[in-house]
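Numbering (this note's numbering), first residue to last: -15 to 39.
Take a look at the structure:
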């Protein structure tokens, strides 16, 4: 594998295949966590609205 000689730090990190796989795993986990947080927040919001309307 050739060495990356550019100045862009992001391209330098992504140039190595092992680093690329690790970063994509981290992005995947963060993505799932963010969507879970949005879903959980929506459920809590709906629960509070229904509770407020009924009472």
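Glycine residues also receive a C-beta, built at the ideal position from the N, C-alpha and C atoms.
The three-state secondary structure of residue 15, taken from DSSP, is helix. Per DSSP, residue -12 lies in no alpha helix (DSSP H) and is assigned neither H nor E. Each residue's CA atom was taken as its position, placing residue 14 and residue 39 some 37 Å apart.
By the criterion of a C-beta distance shorter than 7 Å, residue 3 is surrounded in its chain by -3, once the five residues flanking it on both sides are discounted.
Per DSSP, reduced to three states, the secondary structure at residue 39 is coil, with no helix or strand assignment.
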